[in-house]
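Right, one structure below, let's go through it.
Numbering (my numbering), first residue to last: 12 to 280.
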């Protein structure tokens with residue numbers, strides 16, 4: 012076993028809440044804290060790569076390599092900011108058919124091989140999963156091995172309804188993760204000028220209590236600008252509200268995981 016690994020899994024409550032964006036920008040915020048990171052996309056939409064300046068015509072990815080009986084690490088790339096990332100890949104019809112037939116097996120294999128990936132120092136793995144509306148049982152190995160699972164939500168009626176009525180199959184998620192102590196909900200797209208946004212953040216705070224992260228990510232146009240430029244908010248607008256929010260989120264993640272005092276973690280620097 013090599014240097015210690017911290018594994019953060021990020022999953023959106025539903026489509027459109029910003030799970031992909033959170034994954035990419037949290038990875039870069041950790042990178043700015045001098046943490047060695049590797050970011051992996053497990054969502055078939057294959058959109059995470061757009062935050063790492065990958066050519067949109069490049070269809071490479073780990074699932075594509077698996078479907079062709081090749082090593083997934085051949086799909087490991089490095090962004091201009093020297094961050095390692097592994098896209099899902101754009102699959103043709105035959106590759107997609109093969110992936111669907113072996114999805115759980117391949118995800119489990121990827122999870123195991125990522126656990127022994129060769130890195131020079133303690134490193135952080137940020138793994139993006141499909142939204143909770145998808146069957147998460149195929150990701151059981153990834154979820155169970157996570158040090159932290161972040162569920163991205165919006166401060167709006169739909170997120171509240173889905174949580175309140177357990178439309179996200181929370182009990183199943185908790186079972187797959189191995190307990191609720193590793194699960195945290197993160198509010199994204201908070202608008203302080205909106206009474207509705209403020210009210211639902213308060214309601215979610217009351218509903219989720221300690222399971223809600225103390226950091227809220229504000230709605231910021233610089234996020235859209237960064238996506239348009241195939242990069243992250245820190246590169247596009249380092250002094251923006253979004254950049255500050257992600258820096259706060261990264262600090263929280265580091266503090267939270269370090270304070271857990273896991274026996275397998277060595278001495279930190």
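Using N, Cα and C, we set each Cβ at its ideal position, and we do this for glycine too.
For clarity, every value in this text was computed on a predicted model and none was experimentally measured.
As a quick exercise: from the options, pick the residue whose alpha carbon is nearest that of residue i.
i           : options            : result
residue 148 : 176, 172, 115      : 115
residue 107 : 97, 78, 128, 86    : 78
residue 30  : 141, 63, 61        : 141
residue 151 : 185, 168, 227      : 185
residue 32  : 170, 237, 226      : 237
residue 262 : 162, 217, 42       : 42
residue 15  : 144, 135, 40       : 135
residue 125 : 257, 176, 205, 48  : 48
residue 28  : 169, 193, 268, 205 : 169
residue 52  : 223, 254, 24, 19   : 19
residue 193 : 177, 208, 222      : 222
residue 25  : 205, 239, 143      : 143
Quick one: residues in its chain with C-beta nearer than 7 Å to the C-beta of residue i, no 5 flanking neighbours on either side, listed in chain order?
i           : result
residue 34  : 21, 50, 59, 137, 139
residue 100 : 57, 70, 71, 72, 73, 74, 75, 86
residue 122 : 152, 153, 156
residue 109 : 78
State the DSSP-derived secondary structure class of residue i, mapped to helix, strand or coil.
i           : result
residue 167 : coil
residue 252 : helix
residue 123 : helix
residue 90  : coil
residue 185 : helix
residue 101 : coil
residue 232 : helix
residue 78  : helix
residue 201 : strand
residue 222 : helix
residue 207 : helix
If we ignore side chains and look at the alpha-carbon of each, how far apart do residue i and residue j end up?
i           : j           : result
residue 71  : residue 120 : 19 Å
residue 46  : residue 17  : 10 Å
residue 200 : residue 166 : 7 Å
residue 284 : residue 220 : Outside the displayed range of the chain (12 to 280) lies residue 284, so it cannot be described from this structure.
residue 54  : residue 203 : 31 Å
residue 227 : residue 197 : 7 Å
residue 229 : residue 217 : 19 Å
residue 244 : residue 145 : 28 Å
residue 195 : residue 112 : 31 Å
residue 80  : residue 117 : 11 Å
Beta-carbon within less than 6 Å of residue i's beta-carbon, same chain only, minus the 5 sequence neighbours each way: which residues are those?
i          : result
residue 73 : 83, 86, 97
residue 61 : 241
Can we count residue i as close to the ligand SAH, meaning its CB is less than 7 Å from some heavy atom?
i           : result
residue 106 : The ligand content of the structure shown is nil, which means the ligand SAH is not present either.
Can you list, in chain order, the residues of its chain with a C-beta nearer than 8 Å to that of residue i? Leave out the 5 residues immediately preceding and following it.
i           : result
residue 225 : 263
Report yes or no: do the region 183–201 and the region 154–166 share at least 3 C-beta pairs separated by less than 8 Å? yes
Any 3 or more C-beta pairs closer than 8 Å across the region 163–182 and the region 61–68: no
Contact between the region 202–218 and the region 234–250: three or more CB pairs below 8 Å? no
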